[in-house]
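Residue numbers (our numbering): 11 to 337. Ideal Cβ positions, reconstructed from N, Cα and C, are used throughout, including at glycine. As the structure is a prediction and not an experimental result, all values here were calculated from the model.
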Ligand code: SAM
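As structure tokens, then:
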């Protein structure tokens with residue numbers, strides 16, 4: 011997949027704080043892998059990293075990178091300069107798509123103050139979004155939408171905070187990350203064997219989850235917190251206070267394990283992965299000879315998944331399998 015990076019030129023920390031923040035947030039939400047800003051701005055870095063930490067993804071931010079350095083680093087990329095003086099997007103997108111097909115990555119240049127002539131000269135293509143002065147945020151959003159072909163709306167951000175879309179009102183789901191789950195286990199003085207079980211289930215679940223279309227954070231949280239519920243059923247109240255989503259999934263996983271129904275159709279991909287891992291870790295714990303077999307479980311999981319549901323073995327556009335999709 012083509013990597014898309016954004017460069018913000020002419021950033022003035024006091025004056026442009028809000029606009030540059032929004033350029034970065036738009037770049038992230040529309041599928042860019044990171045933003046580079048010319049002027050050093052630690053506050054900006056901090057606020058963008060906080061959004062990434064809360065809402066997920068791998069978006070990077072780097073500030074204090076000179077224009078010359080950026081131009082040098084972009085030599086092997088498709089350098090798109092957003093400017094109202096450029097070739098209209100409808101006429102440019104064909105060329106951009108052709109260049110993308112050659113496997114080159116994209117660097118998008120967004121200005122703030124007067125842009126030096128060498129940017130016009132050295133860019134692969136100067137692109138306008140209307141030939142009128144508009145906001146760099148809207149220009150970037152429209153360009154990225156055309157480059158992504160609308161796929162930005164299906165990007166998944168498995169963060170600690172997820173907005174649940176609804177017609178009216180506001181709902182945000184909280185999924186504790188691994189560090190917070192470890193804290194919860196410690197705060198509740200989980201016995202060492204349950205603690206070890208939590209870490210082992212999570213490790214196996216993560217291996218399986220890496221090849222499957224699923225919410226990695228939810229898999230991690232359920233894996234880590236399942237042994238808490240197993241050793242203390244009353245902790246469901248605590249889990250509910252922490253996250254209703256996780257509490258609901260953990261109790262479904264716990265039920266499926268008790269009923270020995272690991273591929274129950276009512277379970278989500280995430281829940282099935284944890285049920286499977288928890289069962290395998292139990293068998294490892296009971297049988298020392300199985301200690302080294304964790305790597306084989308992924309293959310075993312695939313076969314079982316295939317036998318039960320049938321599936322398209324092709325990988326999806328994210329390079330992952332849509333397992334458990336009934337065909
Ligand atoms: N006064 C600045 C100048 O003389 O270059 C332009 C300020 S403008 C708000 C900041 C940036 O928004 C520009 O550098 C360009 O990247 C982007 N921009 C503004 N209008 C645009 C348009 N119609 N199409 C594409 N990009 C545009």
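Whole-angstrom distance between residue j and residue i, CA atom to CA atom
i: residue 56; j: residue 196; result: 29 Å
i: residue 220; j: residue 227; result: 11 Å
i: residue 207; j: residue 229; result: 15 Å
i: residue 135; j: residue 251; result: 53 Å
i: residue 96; j: residue 163; result: 27 Å
i: residue 144; j: residue 118; result: 16 Å
i: residue 167; j: residue 213; result: 21 Å
i: residue 63; j: residue 173; result: 15 Å
i: residue 365; j: residue 288; result: Nothing can be reported for residue 365, as the shown portion of the chain is limited to 11 through 337.
i: residue 98; j: residue 160; result: 19 Å
i: residue 189; j: residue 235; result: 12 Å
i: residue 264; j: residue 247; result: 15 Å
i: residue 218; j: residue 266; result: 18 Å
i: residue 28; j: residue 52; result: 14 Å
i: residue 286; j: residue 183; result: 25 Å
i: residue 61; j: residue 126; result: 32 Å
i: residue 92; j: residue 139; result: 8 Å
i: residue 233; j: residue 253; result: 14 Å
i: residue 187; j: residue 193; result: 10 Å
i: residue 291; j: residue 116; result: 44 Å
i: residue 171; j: residue 215; result: 21 Å
i: residue 268; j: residue 284; result: 13 Å
i: residue 24; j: residue 80; result: 23 Å
i: residue 304; j: residue 112; result: Per-residue confidence for residue 304 stands at a pLDDT of 49, beneath the threshold of 50, marking its modelled position as unreliable; the derived number appears in the next sentence. Looking at the two C-alpha atoms, the distance is approximately 39 Å.
i: residue 114; j: residue 16; result: 15 Å
i: residue 202; j: residue 88; result: 53 Å
i: residue 59; j: residue 37; result: 13 Å
i: residue 175; j: residue 32; result: 21 Å
i: residue 108; j: residue 141; result: 23 Å
i: residue 249; j: residue 211; result: 18 Å
i: residue 122; j: residue 54; result: 16 Å
Proximity winner among the options, relative to residue i (alpha-carbon distances)
i: residue 106; options: 121, 15 and 90; result: 90
i: residue 50; options: 37, 30, 63 and 259; result: 30
i: residue 18; options: 11, 103 and 35; result: 35
i: residue 222; options: 141, 154, 177 and 282; result: 282
i: residue 22; options: 100, 111, 83 and 124; result: 124
i: residue 231; options: 202, 38 and 169; result: 169
i: residue 66; options: 39, 80, 202 and 85; result: 39
i: residue 198; options: 233, 209, 242 and 181; result: 242
i: residue 137; options: 108, 94, 171 and 114; result: 94
i: residue 5; options: 185, 240 and 216; result: No answer is possible for residue 5: the residues shown for the chain start at 11 and end at 337.
i: residue 83; options: 132, 156 and 109; result: 132
i: residue 146; options: 130, 129, 120 and 128; result: 120
i: residue 255; options: 244, 181 and 201; result: 181
i: residue 209; options: 87, 238, 100 and 130; result: 238
i: residue 225; options: 185, 122 and 54; result: 185
i: residue 129; options: 293, 20 and 54; result: 20
i: residue 245; options: 156, 141 and 200; result: 200
Counted within 10 angstroms of its Cβ, other Cβ atoms place residue i as buried (16 or more) or exposed
i: residue 178; result: exposed
i: residue 154; result: buried
i: residue 102; result: buried
i: residue 104; result: exposed
i: residue 5; result: Any answer about residue 5 is impossible in this case: the structure gives the chain only from 11 up to 337.
i: residue 100; result: exposed
Quiz item: Counting pairs of Cβ atoms below 8 Å between the segment 64-78 and the segment 41-55, do you hit three or more?
Solution: Yes, since at least three Cβ pairs between the segment 64-78 and the segment 41-55 fall closer than 8 Å, the two stretches touch.
Quiz item: Does the segment 144-153 come close enough to the segment 76-88 that 3 or more CB-CB pairs lie under 8 Å?
Solution: No contact exists between the segment 76-88 and the segment 144-153.
Quiz item: Are there three or more Cβ pairs, one per stretch, closer than 8 Å when the segment 275-292 is compared with the segment 252-262?
Solution: Note that the segment 275-292 touches the segment 252-262; at least 3 beta-carbon pairs, one per stretch, sit closer than 8 Å.
Exercise. Scan the segment 222-272 and note each continuous alpha helix (DSSP H) run of 4 residues or more that stays entirely inside, going in chain order.
Key: Whole alpha helix (DSSP H) segments, 4+ residues: 226-241, 246-252 and 254-268.
Quiz item: What runs of the alpha helix (DSSP H), each 4 residues or longer, lie entirely inside the segment 15-87?
Solution: Runs found: 27-39, 52-65 and 77-83.
Quiz item: Going along the chain, which unbroken runs of the beta strand (DSSP E) with 3 or more residues stay wholly within the segment 105-176?
Solution: Runs found: 116-120, 135-138 and 171-173.
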